[in-house]
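Each residue of the sequence shown is one higher than the one before, starting from 1 at the first, in the UniProt record's numbering.
C-beta: ideal position from N, C-alpha, C; glycine also.
Okay, structure first, notes after.
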Amino acid sequence: MRVPAPAPAPTTAPARPRTLLVGFAGQQGREYLPVLRTCADIAGGVDSAPGAGDIARTLGFPHFGSVAEAVARVRFDTAVVTVPHHAHFAVCEELLRHGKHVIKEKPFAVTEAQAHRLAALARRSDRSVYTLLQRNFDPVFGFARRHLERLGEPYWFSYDYHLNLPRPTSGWRARPDTALGGVLLDMGYHLIDVLAGMFPPPARVDAVFTYRYPEMRDHRLEDLVSLLYGYSAPSLAGSLRISRHHYEKTERLSVLGTRGTLTLEPGEATLTPARSAGPLRFVRRGTKGDTVRTMLASYLRRLEDRAFREAHLARQLATVRTIDGVYRHR
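Next up, the structure:
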């Protein structure tokens with residue numbers, strides 16, 4: 001049976017918040033900007049990259065060299081932060097101390113200690129810190145969450161996510177002082193967050209790190225990581241494999257249960273009951289841009305929603321705890 005996805009519903013916030021862009025000159029900032037403009041007013045942008053001022057003028061908003069300068073010169077309610085990993089905490093801390101909401105690229109934090117500090121600061125300032133994780137707003141993953149219980153008792157999952165980059169990693173991701181981790185932190189954060197929303201926290205995680213290029217080995221920035229999840233319930237286990245230099249770009253999550261299987265790939269999901277006339281297939285309608293728009297609009301609409309805020313913090317703390325634990329015990 002083929003089940004079409006519903007068309008995306010409009011999710012614009014009742015009032016358009018004034019939003020500061022921090023790190024707008026990079027690839028991710030430029031990707032979010034046109035979508036963000038559909039649900040927020042751009043108050044300005046902060047970026048120290050060469051040419052950022054010219055980019056801001058072209059895009060039609062004021063440019064600032066620092067968060068402090070932006071706070072002093074323009075009014076804004078929230079900031080969208082897309083900066084390299086090493087700069088996340090300091091930028092978010094400054095924004096929260098000035099009473100601003102934060103919507104940020106992953107990771108929520110690099111270490112568990114840092115994550116707890118950021119969550120405590122968000123609670124003290126009564127402000128939200130939301131992490132940009134598109135899969136949580138992708139209808140395919142929504143289908144999976146809704147139908148997970150139809151599998152009976154899950155006993156195994158496997159999650160593979162590979163890019164097919166033909167050359168070594170470059171830019172800030174190739175420097176240990178700015179990347180602060182390899183594919184586990186950069187790509188794996190998305191997957192581990194998905195699993196945190198479907199299963200309880202793992203009791204143990206065993207990891208193998210490998211390297212395609214010698215320079216990545218020298219910097220301990222893994223090109224591939226393989227994880228084995230173990231749980232306190234002996235009936236559940238799972239694996240993840242994440243890499244940058246695979247022969248093809250692919251993403252696939254499979255969950256095996258006592259009453260069926262669930263498979264997710266980009267744009268579609270398939271539920272196959274153990275005893276059924278046939279599988280139930282869900283196909284996403286719309287584009288990646290629709291998912292991004294839904295995500296940003298949802299976060300902007302829920303800036304003052306304390307219950308949603310706390311649920312998000314709890315899940316991000318769980319995700320960071322898993323990743324930090326793997327790195328600390330490598």
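A direct Cα-Cα distance of roughly 43 Å separates H101 from R259. L59 has its alpha-carbon roughly 18 Å from the corresponding atom of S66. Straight across, the Cα-Cα distance linking Q28 with P84 is about 10 Å. Ranking M295, R321 and R309 by CA distance to the CA of A40 puts M295 first. Taking V140 as reference, the option from G286, F308, S298 and G45 with the minimal CA-CA separation is G286. Fewer than three Cβ pairs drawn from the segment 209-228 and the segment 119-135 lie within less than 8 Å of each other, which leaves the two stretches out of contact. Spanning the alpha carbons of P266 and K288 requires a straight line of approximately 10 Å. Nearest Cα to L121 within the set L313, R321, P62 and R330: L313. Only exposed fits E304, as fewer than 16 other CB atoms lie within 10 angstroms of its CB. The DSSP assignment places 52-59 as complete runs of the alpha helix (DSSP H) inside the segment 33-60, in order along the chain (cut-off: 4 residues). One thing to note: L256 has its Cβ within 9 Å of the Cβ of F157.
Here S226 is not near R204, since their CB atoms are 9 Å or more apart. Assignment of E94 by DSSP, reduced to helix, strand and coil, places it in the helix class. Buried is the label assigned to P202, since at least 16 other Cβ atoms lie within 10 Å of its Cβ.
Less than 9 Å divides the Cβ of T319 from the Cβ of P107.
In the three-state reduction of the DSSP assignment, V22 falls in the strand class, which pools E and B. Cβ neighbours of A87 within its own chain (closer than 6 Å, five residues either side excluded): none.
With fewer than 16 other CB atoms across the displayed protein chains lying within 10 angstroms of its CB, K249 is exposed. Taking the CA atoms as reference points, L262 sits about 14 Å from D160. Looking at L151, A90, A25 and V71, the one whose alpha-carbon comes closest to that of R57 is A25. Excluding its 5 nearest sequence neighbours in each direction, H246 has C-beta neighbours in its own chain below 7 Å: H162, L163 and N164, listed in chain order. Assignment of A15 by DSSP, reduced to helix, strand and coil, places it in the coil class.
Under the three-state reduction of DSSP, V74 is assigned to coil, being neither helix nor strand.
K104: not part of any alpha helix (DSSP H); member of the beta strand (DSSP E) spanning H101 to E105, first to last residue. DSSP places V208 within a strand segment (E or B) once states are collapsed to three. Nearest in C-alpha terms to L132, of all of Y32, S235 and G238, is Y32. The Cβ neighbour count for H190, taken over all protein chains shown within 10 Å, is at least 16; the residue is labelled buried. L300 sits close to P17, with the two beta carbons spaced by under 9 Å. Taking the CA atoms as reference points, A70 sits about 19 Å from R37.
Spanning the alpha carbons of V292 and L21 requires a straight line of approximately 16 Å.
A direct Cα-to-Cα measurement between S239 and A269 gives close to 19 Å.
W172 is not bridged by DSSP to any residue. Take the alpha-carbon of I323 and the one of L185: they are about 7 Å apart.
Taking C-alpha positions only, R175 is separated from F89 by approximately 18 Å. Comparing alpha carbon positions, the residue from R220, G181, R145 and L180 closest to V194 is R145.
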